[in-house]
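As structure tokens, the structure follows; a few thoughts come after it.
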Amino acid sequence: LTIAQSRISLVNKIQKVYRSQGVQIHNRHIDIIICQVTSKVRVSEDGMSNVFSPGELIGILQAERAGRALDESIYYRAILFGITRASLNTQSFISEASFQETARVLAKAALRGRIDWLKGLKENVVLGGLYLLPDSKKLCIIPHKTRTFISKKKIYSRQK
Numbered sequence: 001l002t003i004a005q006s007r008i009s010l011v012n013k014i015q016k017v018y019r020s021q022g023v024q025i026h027n028r029h030i031d032i033i034i035c036q037v038t039s040k041v042r043v044s045e046d047g048m049s050n051v052f053s054p055g056e057l058i059g060i061l062q063a064e065r066a067g068r069a070l071d072e073s074i075y076y077r078a079i080l081f082g083i084t085r086a087s088l089n090t091q092s093f094i095s096e097a098s099f100q101e102t103a104r105v106l107a108k109a110a111l112r113g114r115i116d117w118l119k120g121l122k123e124n125v126v127l128g129g130l131y132l133l134p135d136s137k138k139l140c141i142i143p144h145k146t147r148t149f150i151s152k153k154k155i156y157s158r159q160k
């Protein structure tokens, strides 16, 4: 099976379980989760040793992009993560910290000097920012009633 076929099969099987319990969920919600748990691949021994290390975990889009750019075949195996592992394996440390092991994730990010570019919905929701929805190309404004400003002496809160 290809990765796309595997994703469709997973969505159908998950929907079957939910529908047997009388629960209706739109496919797009399950698709989002399935894409997250199937988004990584492991580079195999016989391909792209000059770009990626054998056994290295990389994003599937990154592997495909590198293969097109170098006109070489990339050999890899799809990896199916659990939901917890997939959520802790993102580029956003804010997204990771909001899920589990908050203190460890934030301490590790600080020690490594990581920067979160706030590209995803989850980290923007956590920080109360704006997010461009990919399907509609509309700006999603996450409403907040108060904004808090921290100074050395006091914490100021301003009502909107």
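The numbering of the sequence shown is the UniProt record's numbering, which starts it at 1 and goes up by one.
Glycine residues also receive a C-beta, built at the ideal position from the N, C-alpha and C atoms.
Using the three-state DSSP reduction, which class does R85 fall into: helix, strand or coil? Looking up residue 85 in the sequence shown gives position 85. R85 falls in the helix class under three-state DSSP.
How should N124 be labelled, buried or exposed, when 16 other C-beta atoms within 10 angstroms of its C-beta is the threshold for buried? Counting from 1 along the sequence shown, the entry for residue 124 is found at position 124. Buried: at least 16 other Cβ atoms inside 10 Å.
I30 to E45 span [Cα, whole Å]: The sequence position of residue 30 within the sequence shown is 30, counting from 1. The sequence position of residue 45 within the sequence shown is 45, counting from 1. Roughly 32 Å separates the two Cα atoms.
Taking the DSSP output, what are the residues bridged to R77? Counted from its first residue, the sequence shown places residue 77 at position 77. For R77, which the question treats as bridged, DSSP gives the partners R42.
Check this for me: beta carbons of K119 and S98, under 8 Å apart or not? On the sequence shown, position 119 is the one that residue 119 refers to. On the sequence shown, position 98 is the one that residue 98 refers to. No, the Cβ-Cβ distance between K119 and S98 is not below 8 Å.
Of all the options Y75, K16 and R114, which has the alpha carbon lying nearest to the alpha carbon of Q91? Counting from 1 along the sequence shown, the entry for residue 91 is found at position 91. Comparing Cα-Cα distances from Q91 to each of Y75, K16 and R114, the minimum goes to R114.
Report the rounded CA-to-CA distance for L10 versus S87, giving the unit in angstroms. Numbered from its first residue, the sequence shown carries residue 10 at position 10. Numbered from its first residue, the sequence shown carries residue 87 at position 87. Whole-angstrom Cα-Cα distance: 18 Å.
Check whether the segment 13-26 touches the segment 54-73, taking contact to mean three or more Cβ pairs, one atom from each stretch, closer than 8 Å. Remark: fewer than three beta-carbon pairs, one from each stretch, lie closer than 8 Å, so the segment 13-26 and the segment 54-73 are not flagged as touching.
Just list the residues that DSSP pairs I58 with in beta bridges. Locating residue 58 in the sequence shown gives position 58, counting from the first residue. DSSP, once it has assigned bridges, lists V41 as partnering I58.
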